[in-house]
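Colleague:
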Amino acid sequence: MNDDNQKQVHLDEDESEKGKGIEISDSFGLLLKHFRLLRNYSLKELEDISGVSSSYIFRLESGERKSPSISKIFQICEALDIPYHEALKTAFKDVEKERTMENTLQEMMISNDFMLDGELVSREIKEIFVKINDHVITCPWKEQTKVRDLYVLSELIDELKIAM
184 MNDDNQKQVH LDEDESEKGK GIEISDSFGL LLKHFRLLRN YSLKELEDIS
234 GVSSSYIFRL ESGERKSPSI SKIFQICEAL DIPYHEALKT AFKDVEKERT
284 MENTLQEMMI SNDFMLDGEL VSREIKEIFV KINDHVITCP WKEQTKVRDL
334 YVLSELIDEL KIAM
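Numbering (the numbering used here), first residue to last: 184 to 347.
1. How far does the alpha helix (DSSP H) with Met292 in it extend, from its first residue to its last?
2. Quick check on Glu310: does DSSP put it in helix, strand or coil?
3. Where does Thr273 land, buried or exposed, given buried means 16+ other C-beta within 10 angstroms?
4. Label Met164 either buried or exposed according to how many other C-beta atoms from any shown protein chain fall within 10 Å of its C-beta, with 16 as the threshold for buried.
5. Quick check: what's the CA-CA separation for Lys325 versus Ser337?
6. With respect to the alpha helix (DSSP H) encompassing Asp209, which residues constitute its N-terminal and C-terminal limits?
7. Measuring CB to CB, does Leu220 end up less than 8 Å from Arg306?
8. Helix, strand or coil: which one does DSSP assign to Glu247?
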């Protein structure tokens, strides 16, 4: 990235720090992180592809950043190949709650609020549920890997129980 692009990135970030961005839901950061990991991108690789600094992306993913500019949302979505409508439905709290059958279970967990034992699930617990689901879907589950796959799953369940 050349110096002009770097200056533009930082100018845009500073503008949105001053309140020009829009308030987004916690689920948006989870959605970004899910798609970044799904595409096997590091934060630095996503920065190179999107033109948005890795620290900015990290703050969005972790929920520290609550008001990105719409241009930043689109830059990141384009780099991760996230459909704009899915990102916008997830980002904004007052968006229509209608969902289609095209969403993966992970996307549904990220995009929707849900309750566990009568309480709304926190961002941290949602993230662990997504990790558990990802593991179950992606683990090889072969004779040679079953013990390891179960061990990893049990560690994730321990993480969930501690967070609850």
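Quick reminder that beta carbons are idealized off the backbone N, C-alpha and C, glycines included.
Modeller: For this structure:
1. The residue labelled residue 292 in the question sits at position 109 within the sequence shown. Residues Leu288 to Ser294.
2. Position 127 of the sequence shown, counting from 1, holds the residue named residue 310. Reduced to three states, the DSSP call for Glu310 is helix.
3. On the sequence shown, residue 273 is found 90 positions in, with the first residue counted as 1. Buried, because 16 or more other Cβ atoms sit within 10 Å of the Cβ of Thr273.
4. Coverage of the chain is limited to positions 184 through 347, which leaves residue 164 absent and any answer about it impossible.
5. Stepping through the sequence shown from its first residue, residue 325 is reached at position 142. Stepping through the sequence shown from its first residue, residue 337 is reached at position 154. Answer to the nearest angstrom: the Cα atoms are 17 Å apart.
6. Here residue 209 corresponds to residue number 26 of the sequence shown, with the count starting at 1. Asp209 to Leu221 is the span of the alpha helix (DSSP H), which, as asked, contains Asp209.
7. Taking the sequence shown and counting its residues from 1, one reaches residue 220 at position 37. Taking the sequence shown and counting its residues from 1, one reaches residue 306 at position 123. No.
8. Locating residue 247 in the sequence shown gives position 64, counting from the first residue. Reduced to three states, the DSSP call for Glu247 is coil.
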